[in-house]
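For the sequence shown, the positions run 15 to 299 when our numbering is used.
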Amino acid sequence: MASTVTSRRKQLGNELRHARLAAKMTQQQVAEVLGCTQGKVNKIESGAVGVKLGDVRTMLETFGVDGDESEALLRLARAAAGNRGAWSGYRSVVPHWFRTFTDLEPAAVEIMTWHGERIPGPLQSEHYMLKQFTEFGATDVTSLVRNRLDRKAVFDQPQPPYYRFIISEAALHRAPGGQAPAVMLDQIEHLLELDRRQRVYIHVLSFGARLAAVPNDFTIMRFPERTRDFVYVEHSAGGVYLDEQKDFQLFVDAWDRLRGAALERQETREFLETMAERYRAEMGA
């Protein structure tokens, strides 16, 4: 699946920002060169708005970027100007701060995600989704479920990203809305099915894992060619995208610690099968 206009804008904005910093210029100085406001430059760098090809050329010349690097960014600018993002209809229920994530997800070459208390969206069964959105009191459950099911298309791409999940054992016990053996049995059977897919790796971090502490949920995204890798951290008021190398490395190190303590793939399958049997027994009780 080709990357969307939103993802291309994000990629272009990232590259322009890093080129500006390498040239030791401020956003205000760039705004004076372009004849616009500092706020407009900030929106260009964040990918919130498009940018004219002529303005990209001016920025690259100002930053001293030329040759193959300049041509690559101009091609990206042309691609980003091609079409509008498809955020109408049922997709409009997706929060603005999460749209960049879902646009970039199919364009990644590797995604590594950690979740401590809930099943991550791409792994959720439809039964689990319905229960979760209903318990949240969502007003448009159908659109939310359709959006989440759309994300699963990432697994069906000709060359999907390597998608690596670490899930705490707690997420396998905590059903949306409280105890619900039928929901969790459906969810665990869904995990076992997904784990058979190419490039999907699921690992459980058991309660007995040897770790000093576990971090909050996060997702690491790696991309091909010029696109800058980043970490996505979600919180109650939105989401944060971190791509500075020092920040990025902190999360890579945290991932490595979690992965070292988590169960191996076959051990995870055995663990999930045991939990499925337990939920079947609860339903029969």
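Cβ atoms here follow ideal geometry from the backbone N, Cα and C, with glycine treated the same way. Note that the structure is predicted; figures quoted are calculated from it, not measured.
- The beta carbons of A185 and V197 sit no closer together than 9 Å.
- In this structure L90 is buried. Its beta-carbon is surrounded by 16 or more other beta-carbon atoms within 10 angstroms.
- If you draw a straight line from the Cα of L163 to the Cα of F77, it is about 42 Å long.
- The Cβ atoms of L205 and L272 lie no closer than 9 Å to each other.
- Scanning its chain for C-beta atoms nearer than 6 Å, with the 5 sequence neighbours on each side dropped, one finds around R132 the residues A185, in chain order.
- Annotation: I133 is outside any alpha helix (DSSP H) and is labelled neither H nor E by DSSP.
- In the same chain as S139, and ignoring 5 residues on each side of it, the C-beta atoms closer than 6 Å to its own belong to D200, Q201, H204, in chain order.
- For E207, the closest of L30, T282, T116, G81 by C-alpha to C-alpha distance is T282.
- For R178, the uninterrupted beta strand (DSSP E) segment begins and ends at 176-182.
- Annotated as distal: D231 and W111, with beta-carbon spacing of 9 Å or more.
- F262 sits close to F244, with the two beta carbons spaced by under 9 Å.
- Burial check for Q42: the Cβ neighbour count within 10 Å stays below 16, so the residue is exposed.
- Its Cα nearest to that of Q25, the residue V63 stands out among V63, E46, M143.
- Comparing alpha carbon positions, the residue from A37, V228, L286, V65 closest to C50 is V65.
- By the 16-neighbour rule on beta-carbons within 10 angstroms, T153 is exposed.
- Around K57, the same chain offers V63 as residues with beta carbons nearer than 8 Å, after the five sequence neighbours per side are excluded.
- Classified as exposed, T288 has fewer than 16 neighbouring CB atoms from the shown chains inside 10 Å of its CB.
- Look at the region 112-174 and you find these whole runs of beta strand (DSSP E), each 3 residues long or longer: 124-129.
- Along the length of the region 201-274, whole beta strand (DSSP E) runs at least 3 residues long occupy 214-219, 232-236, 244-249, 252-256, reported in chain order.
- DSSP places T282 in the helix class (H, G or I) of the three-state scheme.
- The beta-carbon separation of V214 and N161, rounded to 20 Å, does not stay under the 8 Å limit for a contact.
- V108: not part of any alpha helix (DSSP H); DSSP gives it neither H nor E.
- For the pair V218 and F285, the CB atoms are nearer than the 9 Å cut-off.
- Between R113 and the set R23, I216, A226, M143, the nearest pair of CA atoms involves R23.
- Nearest in C-alpha terms to L144, of all of A194, R71, S220, A37, is A194.
- Residue state for M198 is assigned as helix, using DSSP reduced to three classes.
- Selection Q212, S60, G222 evaluated against Q173 yields Q212 as nearest (Cα-Cα).
- In the three-state reduction of the DSSP assignment, K54 falls in the helix class.
- A direct Cα-to-Cα measurement between R294 and H141 gives close to 16 Å.
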